[in-house]
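Asks: I'd like to ask you about the structure that follows.
Number of protein chains: 2
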Amino acid sequence: MTTKAFQDYYPDNYSHCYGCGRLNENGMHIKSYWDGEDGICRFTPAVHQSGGFPGNIYGGLIASLIDCHCAGTAAAAKHRHDGFELGGKPIPRFVTASLKVDYLKPTPAGVELEVRAKIIEIKNRKVVLSATVTADGVVTAKGETVMVQIAENN
Amino acid sequence: MTTKAFQDYYPDNYSHCYGCGRLNENGMHIKSYWDGEDGICRFTPAVHQSGGFPGNIYGGLIASLIDCHCAGTAAAAKHRHDGFELGGKPIPRFVTASLKVDYLKPTPAGVELEVRAKIIEIKNRKVVLSATVTADGVVTAKGETVMVQIAENN
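Quick note, the sequences are listed as chains S and U, same order.
Mapping of the first sequence onto this note's numbering: position 112 corresponds to residue 112, and the numbering continues sequentially without gaps.
Mapping of the second sequence onto this note's numbering: position 29 corresponds to residue 29, and the numbering continues sequentially without gaps.
This is the structure we're talking about:
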């Protein structure tokens, strides 16, 4: 892992996301890093981010983690694909075209979750990724996302 | 619309969801109602629930709205399908098996969003729904969900 996360290299004006923006003071500050060829994110939900039953995490948070982490990994992957290293110019900003989450098991509260994103395809402005959410060594959710690079950020 | 929302009829022990649980003091309290044959939810996001660019809403909130609203609509639909009216025994509790969101346009901040769910199929313990998110009369996202009734809540 590097010290700075992918999201720390977003341009300032696109860094306000409640999920992952470093400039959103009320946000969750989801952070993504390289782990070999995968993007990896570790996140421990707050107690109040529970599902209907208190011992589990609510589905919207699982979706948010996959969404923000895949957007960040798409940006870092495209940046690298275009021949740039992290730390030079800001990385591009991607938005979500589609997000699919399969909830396989309840995701337990009170543990650090690992979200792992794999790059399936980089094609022009589009990056397709798959993702898993793991808690205590068990995959509790799987995701598929299609991310698209925004035009303002060539 | 009725005065009490679908989520107000959940059993107490399944009412802690950060998205829609009436007993989660820190939660968003997403509320769903009948509008004819559709489930309808109106929600005005907080300013800090922005996307990367401050004028829009973050994708995870859109996913959360569709998720919680479809779970509530599935529960109310199954309750009605089984011959019960709202206000008698608690409605069943559904969990999400899968959630798909297509983000068609940015969803603007500062306006009330309408989330509309349509019931596609009720089959045993499974309810399939589609959903739209509308802002200022424009559909900004579409969703598809598969909801499954939990066993503890027959």
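Glycine included, each C-beta is placed from N, C-alpha and C at the ideal position.
All values reported here derive from a predicted model rather than from experimental measurement.
In chain order, what residues of the region 95-116 of chain S put their CB closer than 8 Å to some CB of chain U?
Replies: Val95, Thr96, Ala97, Ser98, Leu99, Lys100, Val101, Asp102, Tyr103 and Pro106
Asks: If the cut is a Cβ gap below 7 Å, which residues of chain S does U/Pro54 touch?
Replies: Numbered from its first residue, the second sequence carries residue 54 of chain U at position 54. His16, listed in chain order.
Asks: Select from the region 125-153 of chain S all residues with a C-beta closer than 8 Å to any C-beta belonging to chain U, and list them in chain order.
Replies: none
Asks: Tell me the rounded alpha-carbon separation between U/Val127 and S/Phe84.
Replies: Your numbering for residue 127 of chain U matches position 127 in the second sequence. Your numbering for residue 84 of chain S matches position 84 in the first sequence. Between U/Val127 and S/Phe84, the C-alpha separation is close to 47 Å.
Asks: Helix, strand or coil for U/Gln149 per DSSP?
Replies: Here residue 149 of chain U refers to the residue found at position 149 when the second sequence is read from its first residue. Here U/Gln149 sits in strand by DSSP.
Asks: Once the 5 residues before and after U/Val146 are set aside, which same chain residues still bring their CB inside 6 Å of it?
Replies: Locating residue 146 of chain U in the second sequence gives position 146, counting from the first residue. Excluding sequence positions up to five before and after U/Val146, its CB lies within less than 6 Å of the CB of Ala97, Ser98 and Val128, all in the same chain and listed in chain order.
Asks: Counting Cβ pairs, one atom from each stretch, are 3 or more of them under 8 Å apart for the region 105-116 of chain U and the region 47-64 of chain U?
Replies: yes
Asks: Mind listing which residues of the region 68-86 of chain U have their C-beta closer than 9 Å to chain S's C-betas, in chain order?
Replies: For the region 68-86 of chain U, which is checked against every Cβ of chain S, the residues closer than 9 Å are Cys68 and Ala71.
Asks: Write down every uninterrupted run of the beta strand (DSSP E) in the region 47-89 of chain U whose length is 3 residues or greater and which is fully enclosed by it, in chain order.
Replies: none
Asks: What did DSSP end up calling U/Met1 once you bin it into helix, strand or coil?
Replies: Counting from 1 along the second sequence, the entry for residue 1 of chain U is found at position 1. Because U/Met1 carries a pLDDT of 48, less than 50, the predicted location of this residue cannot be relied on, and the following value inherits that uncertainty. Reduced to three states, the DSSP call for U/Met1 is coil.
Asks: If you follow the beta strand (DSSP E) that S/Ser130 is part of, which residue opens it and which one closes it?
Replies: Indexing the first sequence from 1 puts residue 130 of chain S at position 130. Lys126 to Ala135 is the span of the beta strand (DSSP E), which, as asked, contains S/Ser130.
Asks: How many Å lie between U/Val47 and U/Ala109 at the Cα?
Replies: Locating residue 47 of chain U in the second sequence gives position 47, where the first residue counts as 1. Locating residue 109 of chain U in the second sequence gives position 109, where the first residue counts as 1. Going by the C-alpha atoms only, they are around 7 Å apart.
Asks: Does the region 5-21 of chain U touch the region 22-31 of chain S, meaning 3 or more C-beta pairs lie closer than 8 Å?
Replies: no
Asks: Please go through the same chain and pick out, in chain order, the residues whose beta-carbon is closer than 6 Å to the beta-carbon of U/Lys105, but skip the five residues on each side of it.
Replies: On the second sequence, position 105 is the one that residue 105 of chain U refers to. Thr140, listed in sequence order.
Asks: Would you mind working out which of U/Ile122, U/Ser50, U/Thr3 and U/Thr134 sits nearest U/Ala71, comparing C-alpha positions?
Replies: In the second sequence, counting from the first residue as 1, residue 71 of chain U sits at position 71. Considering only alpha carbons, the answer is U/Ile122.
Asks: Taking the straight line between their C-alpha atoms, what separation do you get for U/Gly143 and U/Ile120?
Replies: Within the second sequence, numbered from 1, the residue matching residue 143 of chain U stands at position 143. Within the second sequence, numbered from 1, the residue matching residue 120 of chain U stands at position 120. Their Cα atoms are separated by approximately 12 Å.
Asks: At a Cβ threshold of 8 Å, is S/Ala63 touching chain U?
Replies: By 1-based counting over the first sequence, the position of residue 63 of chain S is 63. For S/Ala63, the answer is yes, since a Cβ of chain U falls inside 8 Å of its Cβ.
Asks: Quickly, what does DSSP pair U/Cys41 with across the bridge? List them, please.
Replies: Stepping through the second sequence from its first residue, residue 41 of chain U is reached at position 41. Looking at the DSSP assignment, U/Cys41 forms a beta bridge with U/Val115.
Asks: Sort out for me which residues DSSP pairs U/Ser98 with in a bridge.
Replies: Position 98 of the second sequence, counted from the start, is the residue given in the question as residue 98 of chain U. Answer is S/Asp102 and U/Val146.
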